[in-house]
Structures are given as structure tokens and as C-alpha cells.
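Here the sequence shown is numbered in full-length UniProt numbering, starting from 1 and rising by one per residue. Just so you know, even glycine gets a beta-carbon here, dropped at the ideal spot from N, CA and C.
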Amino acid sequence: MALSALTFVPQQPANPVSEPVRVPVVVGADLEVPVRGGRLVPYANLDYAASAPCLEPVNAAVAAALPAYSSVHRGAGYASQLTTQRYEQARHTVRAFVGARPGDALVFVRNTTDAMNLLARSLPEGTTVVVFGTEHHASLLPWTDAVRLAPPAFPGEAVRAADEALAAIEGPALLVVTAASNVTGELWPIAGLAHIAHRHGARIAVDAAQLVPHRGLNLAALDLDYVAFSGHKLYAPFGAGVLVGRPDWLAAADPYLRGGGAVRAVGETTEWSDDPEARHEAGTPNVLGAVALAAACDALAATGWTPLVREEERLLARLRAGLAAIPGVRELSLWGPDHPRVGIVSFVVEGRPAREVAEILSAEHGIGVRDGKFCAHPFVRHLLGGTEDEGCADGTVSAVRASIGIGTTEEHVDRLITALRDIAPA
Numbered sequence: 001m002a003l004s005a006l007t008f009v010p011q012q013p014a015n016p017v018s019e020p021v022r023v024p025v026v027v028g029a030d031l032e033v034p035v036r037g038g039r040l041v042p043y044a045n046l047d048y049a050a051s052a053p054c055l056e057p058v059n060a061a062v063a064a065a066l067p068a069y070s071s072v073h074r075g076a077g078y079a080s081q082l083t084t085q086r087y088e089q090a091r092h093t094v095r096a097f098v099g100a101r102p103g104d105a106l107v108f109v110r111n112t113t114d115a116m117n118l119l120a121r122s123l124p125e126g127t128t129v130v131v132f133g134t135e136h137h138a139s140l141l142p143w144t145d146a147v148r149l150a151p152p153a154f155p156g157e158a159v160r161a162a163d164e165a166l167a168a169i170e171g172p173a174l175l176v177v178t179a180a181s182n183v184t185g186e187l188w189p190i191a192g193l194a195h196i197a198h199r200h201g202a203r204i205a206v207d208a209a210q211l212v213p214h215r216g217l218n219l220a221a222l223d224l225d226y227v228a229f230s231g232h233k234l235y236a237p238f239g240a241g242v243l244v245g246r247p248d249w250l251a252a253a254d255p256y257l258r259g260g261g262a263v264r265a266v267g268e269t270t271e272w273s274d275d276p277e278a279r280h281e282a283g284t285p286n287v288l289g290a291v292a293l294a295a296a297c298d299a300l301a302a303t304g305w306t307p308l309v310r311e312e313e314r315l316l317a318r319l320r321a322g323l324a325a326i327p328g329v330r331e332l333s334l335w336g337p338d339h340p341r342v343g344i345v346s347f348v349v350e351g352r353p354a355r356e357v358a359e360i361l362s363a364e365h366g367i368g369v370r371d372g373k374f375c376a377h378p379f380v381r382h383l384l385g386g387t388e389d390e391g392c393a394d395g396t397v398s399a400v401r402a403s404i405g406i407g408t409t410e411e412h413v414d415r416l417i418t419a420l421r422d423i424a425p426a
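Printed below as a string of C-alpha cells:
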């Protein structure tokens, strides 16, 4: 089965001949920004991989929740009851969005980094973590006992390397891997890696932060143990994320936060909740973040992935073709130009520091991109041939990243290509 078929679950409309699919609009689609000389130009936001803009249905859902906003779970008042209902409905919505199994836990957290740190705190004693050096820091750094694998030369080598590493481990093990790279956008063979992990009695945790804004994900169908992602990548920039997966490790772990809501009783001893969701959500949760995240999931599910993926792939092909035609511009890739990917492209411009390129694009053309090592320092150094003592702040061994999503237009892509033709060496 092709990799794209393992990670992209298209959702067809109930009646394909009915009215055209309506793609939700992003808040700020009409934003104008100042450029050199003082004039205003429409903003070309090509920085979705850092934080995606808010969808209008998400903004509307938050506005609708605010008049009755209150604390959840323990209040008898109407506002508290309604807010609790909205919060728990959000949990149900997000679980359905990722295809969770009936018994899976879903813990609301701040973001993917928070989710992976929660999982790291929940590992059984003696667990060995296997992680690739290509990971975002959120998945690379939380583990105290980790085997770090070198960047694989091709997807099959990733599976082979994981197989060999897990075979050498005695006791519990966890394989941690991204679903889509935040540096290159390339899709990873998560179904094959899950199969290998389970063959060795290990579990797999998937960083889906860059996948879920671009493709459907079915946790149960892919047989993943844990999935983590952030709302702010998913058009819900209100500070919520999730860890979804098997409940046993979470239910047995010490509470991530110790406080109200995580306990059943407090006396001379404390009885913690057996419910893994309550156990790790002490204190008043980010209710509006959960409502926003659920609204984004609803909006994307209602639109269906087919039209969104088709438009993204069309714009991505236009962007990559434009970059390839500019002398002195090189796209970064781990597995070559033909490997499937989401709407993320990182590149370098010969003779120009990445920060300088990003600043020119912003100041002179009203284009927002990202520059640096993208919280994936070892991976970017690998792609660019840098050394460990080269930092990010001074701009050495860094790249520029352009990322697209709902609201990206041909004009945005063409404006970037035109600007880079002027910036690149003649």
C-alpha cells in the first residue's frame, strides 16, 4: 500500500453532486502590512507550519462560548454545566477526528511539547525510548533514556533501523517518530514503523503536529499507541493540544500536575483519580482552547480532505517548481524530490544568510516565512552539513521555510518566487 494511502484518509461528501464544497475562511485573510517606503500590501502568510491562522468557524465557536464561560466539572450553576458539556463534547469531537479507539484516553494539554513531556512522565520504569535524530525538539528532548537513530537515507531504512534498535532492547520500549517533518514536509512510514514496534512488544508515539492540518489521521486504523498534536498548528491558536492513546500507562503514572480535579480524596493520604484524563488535567483547564480545537476539527471534517489536499498539492507543486527554476536556491529534502509531503518547503539561498532572506521578504514584499533550524537543530545540521557547535542565533547553518495551508493563494506563492529571483545571486 502506498504511503499516502496510509496517512491520508479522504472523506467524501455525502452527496458529491450537491452544492460546491465551501472551504472555511481564515481570520485575517484581508490583513495588510507595511513594507519599505510606507505603503501597505496584502500579507502573504507562508508561515503556517509555525502557527496556522484562526479559521472563522473557530473564532465563532469561541465567541459563542464566552457568554456562558465558567469552570468545568464541579459546578452546579447553569454556566458551569454548559461549559462542562462543551468541554467534554470537545473531547469527543477531537477523539473522533483522529479515529481514536473506544478505550483511548484524550488528555488536553498546551501543545505537542506538553503532550510528549506528559508521555515521558508516564513511561513505566525502565522504558527505553527509540527516536530518530530528525525529530522536532518536542519529540527529541523529553526522554531521559533514549536511543537516538541517525537520519535514514530512505523510508525503508527508517523501518530497518527501528527494527534493529528495538530488537536489542530488553524490557518496555517506546518508538517516537514524526508523521510529517516540520523541516521538509516529508511523510514518514508510520504504519510500517507501528508494525515493527508491535512485533517487538514496543509501543509507538507519533508527533502528528504537522500532519493533522494537512491530512486525515486514523489512529485505530494505523494501530498507533499515542498521537500528539497542537491546536495552534490546526487553525485553532488558543493554546490547547492533545495526547491521545492507550490509557494504561497514563492511569498508572503520577499525575502530571498535582491539584484539584486530579484527586478523589485528600486526607492524611491522597487518592488520585483512576481516570487518566482527570488524573492529568488538574486545575481549571483551557476550556476555550478545547472548544477552539474541536471547532477546527469539525470545520475540516465538514469540508472533507479531498478538496483541501488537491488545492494544497497544486500550490505546493507551483511553489517547488518555482524554487527549482531559480539559480542559487536549493530545496532541502531527506528522501528526494519525489517523496510524498505536506505543504512545507525549506530552502537555502546561495550567499545569503537565512535571516537576511526572511527579513527582505518581510520588509520589502510583505511575505511571512520562518528562518533558522525550526526547533530541529540536529536534522537541519544534517541536511546542511553543519557541526554541533554552530548555533541558531547567529544564522549559521540555517534555512528558510515556506509553509502553506487554507488561505494560501497563487499570488502568495508567485510573490515569493518573484522576490527570491531578485534576492538570489545572478
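{"query": "Could you pull out every unbroken alpha helix (DSSP H) segment of at least 4 residues lying fully inside the segment 284-327, listed in chain order?", "result": "287-303, 305-324"}
{"query": "Compare the C-alpha of leucine 224 against each of Pro189, Ala253, Ala251, Pro255 and name the closest.", "result": "Pro189"}
{"query": "I need the DSSP call for aspartate 47, collapsed to helix, strand or coil.", "result": "strand"}
{"query": "Can you give me the C-alpha to C-alpha distance between aspartate 207 and valine 177, rounded to a whole angstrom?", "result": "6 Å"}
{"query": "In terms of residue numbering, what span does the beta strand (DSSP E) encompassing arginine 370 cover?", "result": "370-372"}
{"query": "What does the Cβ neighbour count give for leucine 66, buried or exposed, with the cut at 16 atoms within 10 Å?", "result": "exposed"}
{"query": "Just the Cα atoms here: how many angstroms apart are valine 107 and glutamate 281?", "result": "7 Å"}
{"query": "Taking the DSSP output, what are the residues bridged to glutamate 164?", "result": "Partner(s): none; glutamate 164 has no beta bridge."}
{"query": "Work out the CA separation of leucine 219 and tyrosine 87 for me, nearest whole Å.", "result": "22 Å"}
{"query": "Quick check on DSSP: helix, strand or coil for threonine 269?", "result": "coil"}
{"query": "What's the gap between the Cα of alanine 262 and the Cα of histidine 365?", "result": "50 Å"}
{"query": "Look up threonine 178 in the DSSP assignment and say whether it is helix, strand or coil.", "result": "strand"}
{"query": "Using the rule of at least 16 other Cβ atoms within 10 Å of the residue's Cβ for burial, across every protein chain shown, is threonine 418 buried or exposed?", "result": "exposed"}
{"query": "Express the C-alpha separation of leucine 288 and leucine 82 in angstroms, rounding to a whole number.", "result": "13 Å"}
{"query": "For alanine 154, count neighbouring C-beta atoms within 10 Å of its own C-beta (all shown protein chains included) and say buried if the count is 16 or more, exposed if not.", "result": "Checking the sequence shown, residue 154 turns out to be phenylalanine, not alanine. Burial call: exposed."}
{"query": "Mark glutamate 312 as exposed unless 16 or more other C-beta atoms lie within 10 angstroms of its C-beta, in which case mark it buried.", "result": "buried"}
{"query": "So valine 413 and leucine 319 are in contact, right, with Cβ under 8 Å, and what is the actual spacing, rounded?", "result": "5 Å"}
{"query": "Which value, in whole angstroms, describes the spacing of the CA atoms of alanine 64 and alanine 209?", "result": "27 Å"}
{"query": "In three-state DSSP terms, what is serine 346?", "result": "strand"}
{"query": "Given this structure, state the Cα-to-Cα distance separating cysteine 392 from leucine 361, to the nearest angstrom.", "result": "Because cysteine 392 carries a pLDDT of 47, less than 50, the predicted location of this residue cannot be relied on, and the following value inherits that uncertainty. Their Cα atoms are separated by approximately 20 Å."}
{"query": "Whether or not the segment 195-207 and the segment 225-232 are in contact is what I'm after, with contact meaning three or more pairs of Cβ atoms, one per stretch, closer than 8 Å; do they touch?", "result": "yes"}
{"query": "Just how far apart, CA to CA, sit threonine 409 and alanine 321?", "result": "16 Å"}
{"query": "Have a look at the DSSP bridge pairing and note the partners of glutamate 186.", "result": "Arg341"}
{"query": "Identify the continuous alpha helix (DSSP H) that holds proline 247 and give its terminal residues.", "result": "247-252"}
{"query": "Enumerate in chain order the residues of its own chain whose CB-to-CB distance from lysine 233 is below 6 Å, with the five nearest sequence positions on each side excluded.", "result": "Ala52, Ala209, Pro213"}
{"query": "Out of Val131, Ala354, Val26, point me to the one whose CA is closest to leucine 166's CA.", "result": "Val131"}
{"query": "From the DSSP output, read off the bridge partner residues of glycine 192.", "result": "Note: glycine 192 sits in no beta bridge, so no partner."}
{"query": "So which of Ala161, Gly386, Ala146 has the shortest CA-CA distance to proline 152?", "result": "Ala161"}
{"query": "Note down the Cα distance separating isoleucine 404 from alanine 265, rounded to an integer number of angstroms.", "result": "49 Å"}
{"query": "With DSSP as the reference, identify every bridge partner of phenylalanine 132, one or two as the case may be.", "result": "Leu149"}
{"query": "Over what stretch of residues does the beta strand (DSSP E) that includes glutamate 331 continue unbroken?", "result": "329-331"}
{"query": "My output table needs one value for alanine 138: the three-state DSSP class, helix, strand or coil.", "result": "helix"}
{"query": "Just curious, the beta strand (DSSP E) that leucine 211 is in, first and last residue?", "result": "It is not in any beta strand (DSSP E) - leucine 211 carries neither H nor E in the DSSP assignment."}
{"query": "For arginine 121, which residues does DSSP report across the bridge?", "result": "In the DSSP output, where bridge partners are listed per residue, arginine 121 has none listed."}
{"query": "Going by DSSP in three states, tyrosine 87 sits in which element: helix, strand or coil?", "result": "helix"}
{"query": "DSSP three-state label for glycine 231, please.", "result": "helix"}
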